[in-house]
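Read the structure below first, then the notes.
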Amino acid sequence: TLLGFMATDAPVSATALQSILKHAVDRSFNAISVDGDMSTNDTVAILANGAAGGPVIEQDGEGYDALRDVVTEFAADMAKLVVRDGEGATKFVTIKVKDALTFEDAKTVASTIATSALVKTALFGQDANWGRILCATGYAGVPVIPTKTSVSFIPTDGSPELKLLVNGEPENVNEERASEILALEDLEIEVRLGTGGGHEATYYTCDFSYEYVKINGDYRT
Amino acid sequence: HADPHKAAASSKARFVPSTGTYPQGFNVSGIHCGVKKDGKSLDLAVVASDVPCTAAAVFTKNVFQAAPVQVSKETLVGTHGRDIRAIVCNSGCANAVTGQGGYEDAQAMSKAVDVLLGETTSTHRTLVMSTGVIGQRLPIDKIVTNIPKAYKHRGSDHSHWLDCAKAFTTTDTFPKLGSKTFGVAGKTYRIAGIAKGAGMIHPNMA
């Protein structure tokens, strides 16, 4: 189960706060997956008591965009901690899907990749199996241009990206380099859908390990 | 044989802050009340504001919404997201799929904090959360009896916030706490947050 709350001393109207929370959660707590299971209790709340003073921040008024962006970034940082604690997880994986027709399309593809058991076990096995990533992309149910789709691993140590598939054509992958990247705890997968829409979404997930099965085979309802 | 949970907790210790800057007017606590069986783990948290807050929340879209979800939704609807004073949370038992009795237990948790805050209206001012095993009733007497103790132990320093975060955890290997200071329109504000979760994680809340 995911539970969370945020508390701020900024003065914010109830309408603005609801709007800010929705924006933030769609880009943070609603953009994570450990095991693909939705709980009966998931809740994220935000309280604003205005104790620090100042004018009340209203929807579309001064300070609204700035506060929305602060809350969104903060919520994403909290959400990432949940993924890092994923039961049995050994990898923290960021999935960026770019050039979709809409934000929702991009997020759907990212979510599909993030919940693929075969992608997640490949990540645990440090296998550069871009075929599983592409397969998940293809059944996500949103517009994709196969001949313009590209997949890359983005190393988190600042070294150049490793292109796995470019415009639908497989690259001659340097397996040694792929292994180096996959050995890192943090990994980023970038998928370009090539639709020309320009929308993107980010999702956070982890690998699927032996430990996950051990833990959850012993957690009685 | 090494305990894998302890090993994971040790490796994740770097994600637990040793200090923080917390929002004014919020006092929080985390205590052990006996929902968790080990006799010492923190399992009851209270977050209370000195003054009424505006509030918003998103909830699971699972058809089987737990009693705390139902009660918190009703509270936000009834207050239009205004005049909320507190959050109360227990870990160790989710109070999910517990029928009318579970619904009344969630209401009792909310009301117990309302009373301490001096809130006497029929609409609750306290949001309620529960997490843990599904399909079991809460040990509600232990919880309601210990809410005054949790309320009394509230504070605003880092140790209070960290205890509060610990009281939210279930199978988590580390408490998830964050805080930051930020500026908006020339004013300085603070935000703090707590999250919990390690498994059954694929939220899609609305």
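Chains as they are written, first to last, in the numbering used here: chain A, 1 to 221; chain B, 1001 to 1206. Positions of the beta carbon are idealized from the N, C-alpha and C atoms, including for glycine.
Contact with chain B by residue i, beta-carbon distance below 7 Å
i, result
"Ile189/A", "no"
"Ile113/A", "no"
"Ile95/A", "no"
"Leu118/A", "no"
"Ala66/A", "yes"
"Ile154/A", "no"
"Asp207/A", "no"
"Val151/A", "no"
"Gly36/A", "yes"
"Gly4/A", "yes"
Within 7 Å, strictly: CB atoms of residue i and residue j
i, j, result
"Thr202/A", "Lys96/A", "yes"
"Ala100/A", "Thr195/A", "yes"
"Gly1178/B", "Met78/A", "yes"
"Ile1143/B", "Asn1090/B", "yes"
"Gly88/A", "Ser209/A", "yes"
"Thr193/A", "Thr1131/B", "A quick correction: the sequence has Leu, not Thr, at residue 193/A. Result no, Cβ atoms of Leu193/A and Thr1131/B do not sit closer than 7 Å."
"Ser111/A", "Ala136/A", "no"
"Leu47/A", "Ala1192/B", "no"
"Gln59/A", "Ser28/A", "no"
"Asp1114/B", "Thr1126/B", "yes"
"Thr156/A", "Asp127/A", "no"
"Lys1176/B", "Leu81/A", "yes"
Alpha carbon of residue i to alpha carbon of residue j, nearest angstrom
i, j, result
"Ile1194/B", "Val119/A", "30 Å"
"Ala10/A", "Ser1049/B", "13 Å"
"Gly168/A", "Thr1123/B", "58 Å"
"Phe103/A", "Arg132/A", "22 Å"
"Ala114/A", "Tyr204/A", "7 Å"
"Leu182/A", "Leu134/A", "17 Å"
"Phe1026/B", "Glu171/A", "55 Å"
"Pro143/A", "Val1047/B", "45 Å"
"Ser1018/B", "Trp1161/B", "11 Å"
"Val44/A", "Thr1181/B", "21 Å"
"Pro146/A", "Cys1164/B", "49 Å"
"Leu73/A", "Glu62/A", "Just to set this straight, residue 73/A is Glu in the shown sequence, not Leu. Straight-line Cα distance between these residues: approximately 19 Å."
"Ala1185/B", "Ala1057/B", "25 Å"
"Val34/A", "Thr1021/B", "29 Å"
"Ala178/A", "Lys1111/B", "56 Å"
Inter-residue CB distance, residue i and residue j (contact presumed, cutoff 8 Å)
i, j, result
"Ala52/A", "Gln1024/B", "6 Å"
"Glu190/A", "Ser152/A", "5 Å"
"Thr40/A", "Thr1060/B", "6 Å"
"Phe1174/B", "Phe1015/B", "6 Å"
"Val1071/B", "Val1035/B", "Rounded, the Cβ-Cβ distance is 17 Å, inconsistent with contact."
"Phe124/A", "Thr90/A", "6 Å"
"Asp1172/B", "Ala1150/B", "That belief does not hold up - the Cβ atoms of Asp1172/B and Ala1150/B are roughly 19 Å apart, past 8 Å."
Beta carbon proximity, residue i to chain A, threshold 7 Å
i, result
"Arg1190/B", "yes"
"Arg1125/B", "no"
"Asn1204/B", "yes"
"Cys1053/B", "yes"
"Asp1172/B", "yes"
"Gly1178/B", "yes"
"Lys1037/B", "no"
"Gly1092/B", "no"
"Val1184/B", "yes"
"Asn1027/B", "no"
Heavy atom of the ligand MN within 6 Å of residue i beta-carbon
i, result
"Gln18/A", "This structure simply doesn't include the ligand MN, nor any ligand for that matter."
List, from N- to C-terminal side, the alpha helix (DSSP H) runs of 4 residues or more that fit wholly inside the segment 64 to 102 of chain A. 64 to 84
Any chance you could list the beta strand (DSSP E) runs of at least 3 consecutive residues sitting entirely within the segment 1156 to 1196 of chain B, in chain order? Counting whole runs of 3 or more residues, the segment 1156 to 1196 of chain B contains the beta strand (DSSP E) stretches 1176 to 1184, 1187 to 1196.
Which complete alpha helix (DSSP H) runs does the segment 1100 to 1124 of chain B hold, if anything under 4 residues is left out? none
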